[in-house]
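**Q** In my numbering, the protein residues as written are 117 to 998.
1. Taking the alpha carbon of residue 807 as the point to measure from, which residue in 794, 817, 818, 819 has its own alpha carbon closest?
2. Thinking just about the alpha-carbon of each residue, which of 454, 155, 234, 259 is nearest to the one in residue 179?
3. Decide yes or no for the touch test of the region 903-918 against the region 767-775: beta carbon pairs closer than 8 Å, at least 3 of them.
4. I need the straight-line Cα distance from residue 157 to residue 811, nearest angstrom please.
5. According to the neighbour-count rule (16 or more other Cβ atoms, all chains shown, within 10 Å of its Cβ), is residue 537 buried or exposed?
6. Classify residue 457 as buried or exposed, calling it buried when 16 or more other Cβ atoms lie within 10 Å of its own Cβ.
7. Which of helix, strand or coil does DSSP assign to residue 345?
8. Between which two residues does the beta strand (DSSP E) carrying residue 855 extend?
9. So, helix, strand or coil for residue 819, using DSSP?
10. Name the residue from 560, 617, 564 whose alpha carbon lies nearest to the alpha carbon of residue 571.
11. For residue 520, which of 427, 501, 625, 426 has the nearest alpha-carbon?
12. Give a yes or no on contact between the region 168-182 and the region 779-794, applying the rule of three or more CB pairs nearer than 8 Å.
13. Name the residue from 144, 371, 447 whose alpha carbon lies nearest to the alpha carbon of residue 127.
14. Taking the alpha-carbon of residue 106 as reference, which of 358, 335, 198, 359 has the nearest alpha-carbon?
15. First and last residue of the beta strand (DSSP E) that includes residue 315?
16. Per DSSP, residue 358 is paired with what?
17. For residue 941, which residues does DSSP report across the bridge?
18. Give me whichever residues DSSP pairs with residue 842 in a beta bridge.
19. Give me the Cα-Cα distance between residue 282 and residue 604, rounded to the nearest whole angstrom.
20. Using the three-state DSSP reduction, which class does residue 743 fall into: helix, strand or coil?
21. Does the structure place the region 297-312 close enough to the region 381-388 that three or more beta carbon pairs sit under 8 Å?
22. Which ranges does the alpha helix (DSSP H) cover as unbroken runs of at least 4 residues, wholly within the region 602-681, from first to last along the chain?
23. Please name the residue in 392, 405, 804 whose C-alpha comes closest to that of residue 472.
24. If you scan the region 385-471 from start to end, which runs of the beta strand (DSSP E) of 3 or more residues do you find wholly inside it?
25. My output table needs one value for residue 870: the three-state DSSP class, helix, strand or coil.
26. Assuming residue 552 and residue 693 make a contact with CB atoms under 8 Å, what is their CB distance in whole Å?
27. For residue 987, count the other beta carbons within 10 Å of its own beta carbon; 16 or more makes it buried, fewer makes it exposed. Which is it?
28. Grouping DSSP H, G and I as helix and E and B as strand, with all else coil, what is residue 701?
29. Mind reading off the beta-carbon distance from residue 578 to residue 545? Whole number of angstroms is fine, and I expect it under 8 Å.
30. Judging by CA-CA distance, which residue of 151, 147, 161 is the nearest neighbour of residue 999?
31. Which one of 659, 660, 670 has the shortest CA to CA distance from residue 650?
32. What does residue 194 pair with, by DSSP beta-bridge criteria?
33. Residues in the same chain with beta-carbon distance under 6 Å from residue 875, minus the five sequence neighbours each way, listed in chain order, please.
34. So the candidates are 666, 938, 597, 465; which of them puts its Cα closest to the Cα of residue 963?
35. How is the alpha helix (DSSP H) around residue 263 delimited, first residue to last?
36. Can you name, in chain order, every residue of its own chain whose Cβ lies under 6 Å from the Cβ of residue 760, other than the five neighbours on each side?
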């Protein structure tokens, strides 16, 4: 590949565009489409800068898996939690550069950045016509200070756009409107540049937009910050797994059932850090709604990307969702010219491995009680809950045992559903799912069925258009009668924003340790996430959420048992209210109207009077409020030297916690309610914040004091240093005293005692939550040793200067026989540490013996090594500005 002084051009819609041609590259047709986009990025960067990056070009073309490459995304995409923290760090960096004598005006985003305020909504009000209005007002009351900061950033950072609250969930807005499929800009060029739309997002479900052919994935906020200022995503070239679909879904099987089956199969296959790409004739059976759902669940099976090539479905979807004819023409002609287009005549790419999935074998199903991949068939649900209950409670289900609820005419039993939530971008963006749920509700009402009174029901669509469509289709009235009134537009229940249970129900659960359940159409059901009082959480289609609201219990076999009786006393079964595929398709065809999308998205940036009232005067620097408990100036630039310090071995490390397999970022940094008795609650009470105003962990991540206190505060955490105890508890060593994790870490910090964490497989799976890395770094953790890491969390650790270390194959955490009394050394860091260097872990036991364990430093690219030596991405970028 040679740099060129003139740029080739495409002429589309009568206009000339510069572009980086890849269509004539030898054997391009054998490359998976996702790798073609990575290749285009390398070629374009070479054309525009003269840096040909020949090694990276060859690595992609020749499929050199694990070779280091650089990718320059077109955009950064965030929500008001990590997006806010990302901008907060940039504000602090601008100030730190100024204080160090640098040019603060240079500290600004150099790529387009969208932030959607969607992660602050909670279901405080439900099952009434005013629920959405009440919840939005409460959202502003709790979060006005945070929203004001975001408005300030949108006004003072060029290229940053902020979408107000109440508009929908970021990923559904992305799929329906924000994603362009083909991007163009006119920076420093005589003609605009045309190239594939791509992004990194501060949410792990960013791959949802892969469903329309946009390459994007989730990263931590600190990695997104690097992209914002023009640095590339540094990554090892991934394996690409091709997924071929055969057959057709049976009548009665919904897209959610397909997605849960794929999640189960791919988690079993092991695709962490890999690209997934769908191919073959089966693609023609998948709507964009189906594709978006499958891609959205990428983090649930650990994949980086779940890519669907651009085809006619993409163009049809863009037309329906209101994109202009000019943009649709750009997408079609550019992708066809660049061999990024798929149709029936397109040869299948060559993949590193393939998997075939027969759609005929998929059945209605649920997943739970705490992992999305733990799928089971719907007709096994009662038996599965019996097993889950035994594991959770240590005793069998006893349906004769009832627990009275004070002031109510009903009792609670183990297995009762107390939350039924139609929620999440995963499902509400899919027309088939939403029409099916509405039809089930309509048929149920016609049969005289209603939700049980102990079930908290809510419907929170991912966009306002979905609500318009349900209304147009004549389905919302039936949903309202079942308690599924619109409760707002945002990310709620599967993000821990389920809101409160009725006090009498919460009291009964707490006093009797009732194992209650939730059924939600979300993508996350991790321990402690949905609601602190709910011990078992099940993912299901929106239609099944309605069914379980009517059934009211996981102990009812909804396939075989009657759900109730009609007005004539006849039993009503699931088959009596379940719609056919033809009914659903007919309604989708009439209800989804292009004009609805055009109208709603014309108002996307209109936040109403509450939003307008938050406008502030422009300024080069932000004025910090010392009394704020939401937004505090972060300490990441305090005391930094202008040059990185020499690397040294890590010695005399004490373990903060020792953990098992599948420790999620929720375990490390919870996202739900802040409970009394936790370090975060103590901090807020000490600063005059009443319990009713705690909000939740998610909304307070711009306060590093809360981030520190939230670390390992999950109420379901199990630490091997404190066997038999659930929650954020550890032992302070060498005393052996049992205490909360934060309290122990605070003492260690006073002693200047460095810490280490040890864990099993899939450490850090789940959300792209940089607070899970920031928290451990702030508590003095220098290294994490695990059997394997989830991709996003590993990069977050590196980004915060925490060294991820991996046991070699064949070594498991339990093999070491650790109890927490040990002291650890990491030897080999003072040498020329490089990509995947081998180092030694020395385990010093109380009896004086020393165990040597070989490890691999999970610094996967040259840039990873550089970031770690600088102490993280933020110090590295700060030094570059100086």
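No residue lacks a Cβ here, since even glycine has one placed at the ideal position from N, Cα and C.
**A** Well, looking at it:
1. Position 691 of the chain shown holds residue 807. Of the listed residues, the one whose Cα sits closest to residue 807 is 794.
2. In the chain shown, the residue the question calls residue 179 occupies position 63. Answer by Cα proximity: 155.
3. No, the region 903-918 does not touch the region 767-775.
4. Numbered from 1 along the chain shown, position 41 holds the residue referred to as residue 157. Numbered from 1 along the chain shown, position 695 holds the residue referred to as residue 811. If I take the Cα positions, the gap works out to 42 Å.
5. Residue mapping note: residue 537 aligns to position 421 of the chain shown, counting from 1. Residue 537 comes out buried.
6. The residue given as residue 457 occupies position 341 in the chain shown. Buried.
7. Mapped onto the chain shown, residue 345 falls at position 229. Residue 345 falls in the coil class under three-state DSSP.
8. The sequence position of residue 855 within the chain shown is 739, counting from 1. First-last of the beta strand (DSSP E) with residue 855: 853-856.
9. In the chain shown, the residue the question calls residue 819 occupies position 703. The answer is coil: DSSP assigns residue 819 none of H, G, I, E or B.
10. The count along the chain shown starts at 1 and reaches residue 571 at position 455. Nearest option by C-alpha distance: 617.
11. Numbered from 1 along the chain shown, position 404 holds the residue referred to as residue 520. Residue 625 is the option with its Cα nearest to residue 520.
12. no
13. Locating residue 127 in the chain shown gives position 11, counting from the first residue. Closest option to residue 127, Cα to Cα, is 447.
14. Here the chain comprises residues numbered 117 to 998, so residue 106 is not present and cannot be evaluated.
15. Locating residue 315 in the chain shown gives position 199, counting from the first residue. Counting along the chain, the beta strand (DSSP E) containing residue 315 begins and ends at 314-317.
16. Within the chain shown, the letter at position 242 stands for residue 358. Answer is 393, 470.
17. Here the question's residue 941 lines up with position 825 in the chain shown. DSSP, once it has assigned bridges, lists 958 as partnering residue 941.
18. Taking the first residue of the chain shown as 1, we reach residue 842 at position 726. DSSP, once it has assigned bridges, lists 834 as partnering residue 842.
19. Looking up residue 282 in the chain shown gives position 166. Looking up residue 604 in the chain shown gives position 488. Their backbone Cα atoms lie some 7 Å apart in a straight line.
20. The count along the chain shown starts at 1 and reaches residue 743 at position 627. The answer is coil: DSSP assigns residue 743 none of H, G, I, E or B.
21. no
22. 619-628, 658-667
23. By one-based count along the chain shown, residue 472 stands at place 356. When each option's Cα is compared against that of residue 472, the closest is 392.
24. DSSP runs (the beta strand (DSSP E)) wholly in the region 385-471: 391-395, 421-423.
25. For the purposes of this step, residue 870 is taken as the residue at position 754 of the chain shown. Coil at residue 870, not helix or strand.
26. As a first step, residue 552 is located in the chain shown; it is residue number 436 there, counting from the start. As a first step, residue 693 is located in the chain shown; it is residue number 577 there, counting from the start. Their Cβ separation, rounded to whole angstroms, is 11 Å, which puts residue 552 and residue 693 out of contact at 8 Å.
27. Residue numbering aside, residue 987 sits at position 871 when the chain shown is read from its first letter. Residue 987 comes out buried.
28. For the purposes of this step, residue 701 is taken as the residue at position 585 of the chain shown. Helix at residue 701.
29. Taking the first residue of the chain shown as position 1, residue 578 is located at position 462. Taking the first residue of the chain shown as position 1, residue 545 is located at position 429. With a Cβ gap of about 5 Å, residue 578 and residue 545 count as contacting.
30. Lying outside 117 to 998, the shown extent of the chain, residue 999 is not represented and no answer is given.
31. Looking up residue 650 in the chain shown gives position 534. The residue among 659, 660, 670 with its C-alpha nearest the C-alpha of residue 650 is 670.
32. The residue given as residue 194 occupies position 78 in the chain shown. The partner list for residue 194 (beta bridge, DSSP) reads 231.
33. Translated into the one-based positions of the chain shown, residue 875 becomes position 759. Counting only Cβ-Cβ distances below 6 Å, and skipping sequence neighbours, we find 775, 779, 902.
34. Position 847 of the chain shown, counted from the start, is the residue given in the question as residue 963. Residue 963 has its Cα closest to that of 938, out of 666, 938, 597, 465.
35. The residue labelled residue 263 in the question sits at position 147 within the chain shown. Looking at the DSSP string, the run of the alpha helix (DSSP H) that includes residue 263 is 247-272.
36. By one-based count along the chain shown, residue 760 stands at place 644. Closer than 6 Å at Cβ, skipping near neighbours: 985, 986.
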